[in-house]
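K.L.:
Numbering (our numbering), first residue to last: 611 to 901.
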């Protein structure tokens, strides 16, 4: 009698490029259906929305896959919606990585709506996905705000990255509001966005109430002195933000005057940057401190 064999890990990183626009990818979907891996790596395979919709149909009722990597592909809003539909019914998937795609505000809203219902996903990485749209059409807040509001409802997501998505202060304040009551998130990455002092102050206030967040990535935003001071002035940051990395970048005049303000109980890493004549950012100084 034949035994059923569970393939625990199926990595096809960069291996499907020649198949991504042909029916040959269906072969690999059959592998997923019948060999039931718990980890699937499809990073960098030129996979587009049509292929994601095929994959989504397989995953809706899948009961074995726990980790799915789809970074560096060609997934757009339609693919984002298809994956959101998976989360509406799938109760097994724990980690979904979608970094460096193009799901946009529509994909972000769909994922947020799905996570208002889903109670099993623990990690969502949607860095560099044009969540605020594209510059030439004008940035918008709806995708980021939807994800932030999701955190008011969802009680299981522990790790969320929205790094590098041009998110603005409306989104930053929405995240702050969510952090005041959310009790599941332990890691939040909002670095490399367009957050300003309004976001920084709101997030700092929220972290006085939040007791679960452990790691906050918030560097490479547009903070001035007030925003920086609010973040590094959190007296309980060593407790509430264990291993926290508060990298406040790009504004030397905002940083130098407040170095003496820092408490010995605060874990911090500060960098001041200066733009060269050629327009390149150069490190002016770097300083670490804390208990």
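Beta carbons: idealized from backbone N, C-alpha and C, even for Gly.
The structure displayed is predicted, hence computed values, not measured ones.
How would you call residue 870, buried or exposed, if buried means at least 16 neighbouring beta carbons within 10 angstroms?
P.N.:
Your numbering for residue 870 matches position 260 in the chain shown. Note on residue 870: pLDDT 42, under 50, position unreliable in the model; the coordinate value appears next. So residue 870 ends up on the exposed side.
K.L.:
Do the CB positions of residue 810 and residue 841 come within less than 8 Å of each other?
P.N.:
On the chain shown, residue 810 is found 200 positions in, with the first residue counted as 1. On the chain shown, residue 841 is found 231 positions in, with the first residue counted as 1. Yes; because the gap between Cβ atoms is below 8 Å, this pair is in contact.
K.L.:
Please name the residue, chosen from 756, 807 and 817, that lies closest to residue 839 on a Cα-to-Cα basis.
P.N.:
Position 229 of the chain shown, counted from the first residue, corresponds to residue 839. Comparing Cα-Cα distances from residue 839 to each of 756, 807 and 817, the minimum goes to 807.
K.L.:
Where does residue 739 sit, in a helix, a strand or coil, going by DSSP?
P.N.:
Taking the first residue of the chain shown as position 1, residue 739 is located at position 129. Three-state DSSP puts residue 739 in coil, outside helix and strand.
K.L.:
Taking C-beta to C-beta, are residue 702 and residue 729 nearer than 8 Å?
P.N.:
Position 92 of the chain shown, counting from 1, holds the residue named residue 702. Position 119 of the chain shown, counting from 1, holds the residue named residue 729. No.
K.L.:
In angstroms with no decimal places, state the Cα-to-Cα distance between residue 658 and residue 793.
P.N.:
Counting from 1 along the chain shown, the entry for residue 658 is found at position 48. Counting from 1 along the chain shown, the entry for residue 793 is found at position 183. Taking the straight line joining both Cα atoms gives about 35 Å.
K.L.:
Going by the DSSP bridge assignment, what does residue 769 pair with across the sheet?
P.N.:
The residue labelled residue 769 in the question sits at position 159 within the chain shown. Looking at the DSSP assignment, residue 769 forms a beta bridge with 733 and 797.
K.L.:
For residue 779, I'd like the list of residues in its chain whose CB is within less than 6 Å of its CB, leaving aside the five on either flank, ordered along the chain.
P.N.:
Residue mapping note: residue 779 aligns to position 169 of the chain shown, counting from 1. Around residue 779: 806, 808 and 809.
K.L.:
Using the three-state DSSP reduction, which class does residue 781 fall into: helix, strand or coil?
P.N.:
The count along the chain shown starts at 1 and reaches residue 781 at position 171. It is helical.
K.L.:
Span of the beta strand (DSSP E) holding residue 651?
P.N.:
Within the chain shown, the letter at position 41 stands for residue 651. Here the beta strand (DSSP E) through residue 651 covers 649 to 651.
K.L.:
Mapping the DSSP letters down to three states, classify residue 707 as helix, strand or coil.
P.N.:
As a working mapping, residue 707 is identified with position 97 in the chain shown. Here residue 707 sits in strand by DSSP.
K.L.:
According to DSSP, simplified to helix, strand and coil, what is residue 791?
P.N.:
By 1-based counting over the chain shown, the position of residue 791 is 181. Three-state DSSP puts residue 791 in coil, outside helix and strand.
K.L.:
For residue 628, which residues from the same chain have a beta carbon less than 7 Å from its beta carbon, with the 5 sequence-adjacent residues on both sides left out?
P.N.:
Your numbering for residue 628 matches position 18 in the chain shown. Confidence is the limiting factor: at residue 628 the pLDDT is only 38, short of 50, which leaves the residue's position unreliable and the question unanswerable from this model.
K.L.:
Look up residue 665 in the DSSP assignment and give the residues it is bridged to.
P.N.:
Taking the chain shown and counting its residues from 1, one reaches residue 665 at position 55. For residue 665, which the question treats as bridged, DSSP gives no partner whatsoever.
K.L.:
Do you know offhand how far residue 742's Cα is from residue 671's?
P.N.:
Residue numbering aside, residue 742 sits at position 132 when the chain shown is read from its first letter. Residue numbering aside, residue 671 sits at position 61 when the chain shown is read from its first letter. Each residue's Cα considered, the two are about 31 Å apart.
K.L.:
Less than 8 Å between the CB atoms is what I'm expecting for residue 754 and residue 775, so what's the real figure, rounded?
P.N.:
Your numbering for residue 754 matches position 144 in the chain shown. Your numbering for residue 775 matches position 165 in the chain shown. Confirmed, Cβ separation roughly 7 Å.
K.L.:
Shortest alpha-carbon distance to residue 747 belongs to which of 726, 773 and 714?
P.N.:
Indexing the chain shown from 1 puts residue 747 at position 137. Among 726, 773 and 714, the Cα nearest to that of residue 747 is on 714.
K.L.:
Looking at the unbroken alpha helix (DSSP H) that takes in residue 716, where does it start and where does it end?
P.N.:
As a position in the chain shown, residue 716 is number 106, starting the count at 1. That run of the alpha helix (DSSP H) goes 714 to 725.
K.L.:
Once the 5 residues before and after residue 789 are set aside, which same chain residues still bring their CB inside 6 Å of it?
P.N.:
Within the chain shown, residue 789 is the residue found at index 179, counting from 1. Within the same chain, residue 789 has close Cβ partners 816 and 820.
K.L.:
When the Cα atoms are used, what is the spatial distance from residue 762 to residue 772?
P.N.:
Locating residue 762 in the chain shown gives position 152, counting from the first residue. Locating residue 772 in the chain shown gives position 162, counting from the first residue. Distance between the alpha carbons of residue 762 and residue 772: 17 Å.
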